[in-house]
Amino acid sequence: MTDTRHEVHRPGGQERHAGLPGPLRRSLKLAASIAVWIAFFAVMAIVAVTLVIPRLVGAVPLAVLTSSMEPTMPPGTLVVSKPVDPASLAVGDVVTFQPVSDDPKLVTHRIVSQGHRANGALSFITRGDNNGADDKPIVAEQVMGKVIYAVPYVGHATSLLAVDERGWIVGALGSILIGYAVFTIMRELLRKRTERT
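Sequential numbering from 1 applies to the sequence shown in UniProt numbering.
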């Protein structure tokens, strides 16, 4: 009896790299792995600054849409604004406020002066860093929060999405990258185990 064995060539196996030298093949695999991990950590960082940290500290992420705060916060910057006691605010703080009381429109500008009205109410005057004139005075009730940090460019992406859409889209991207990272690790472990046998 003759034992005949046929070698099966599986698509996607090492045959596709047969023409590449060993060191080059390893370098390409290493570069691909590094790229995946960089993308993974980048997505995790975006998730952290846009969703996780704001929720943990009770803040709100907002996108800068105009050039009024250039060069500090150009259009597309993500600002995270946290509600604070208006009495704790000082000249130089960047705040998010309603130009008109009870109007949902929000503006993020810097406090340039503060004082009190005739009735004793605390008031502020703000101005965009790139503007040549002050805004109309506002009272404490119009201040929605103080900007605690800003991230350039990230606001472009978040401004395209509704608030309730951001969570699942960023979460889905994160899940895909996590899944791919786990797959890559498991594939490498299986390959090493196969090489030992």
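Note that the Cβ used here is the ideal one computed from N, Cα and C, for glycine as well.
Residues Val107 of the same chain have their beta carbon placed closer than 6 Å to that of Pro99, with the five preceding and five following residues left out of the count. Assignment of Tyr153 by DSSP, reduced to helix, strand and coil, places it in the coil class. Per DSSP, Gly22 is not a residue of any beta strand (DSSP E); the alpha helix (DSSP H) it occupies stretches across Gly22 to Val47.
The three-state reading of DSSP puts Ala63 in strand, counting E and B together.
DSSP places Gln114 in the strand class (E or B) of the three-state scheme.
Cβ atoms of Arg110 and Gly92 come within 8 Å of each other, at about 7 Å.
Between Gly145 and Pro86 the beta-carbon gap is near 10 Å, outside 8 Å, which marks them as no contact. In the structure shown, Ser88 adopts helical secondary structure according to DSSP, grouped into three states.
Annotation for Leu78: no alpha helix (DSSP H) segment contains it, though the beta strand (DSSP E) segment containing it runs Leu78 to Lys82. Straight across, the Cα-Cα distance linking Leu189 with Gly179 is about 15 Å. Here the alpha carbons of Ile38 and Ala32 stand approximately 10 Å from one another.
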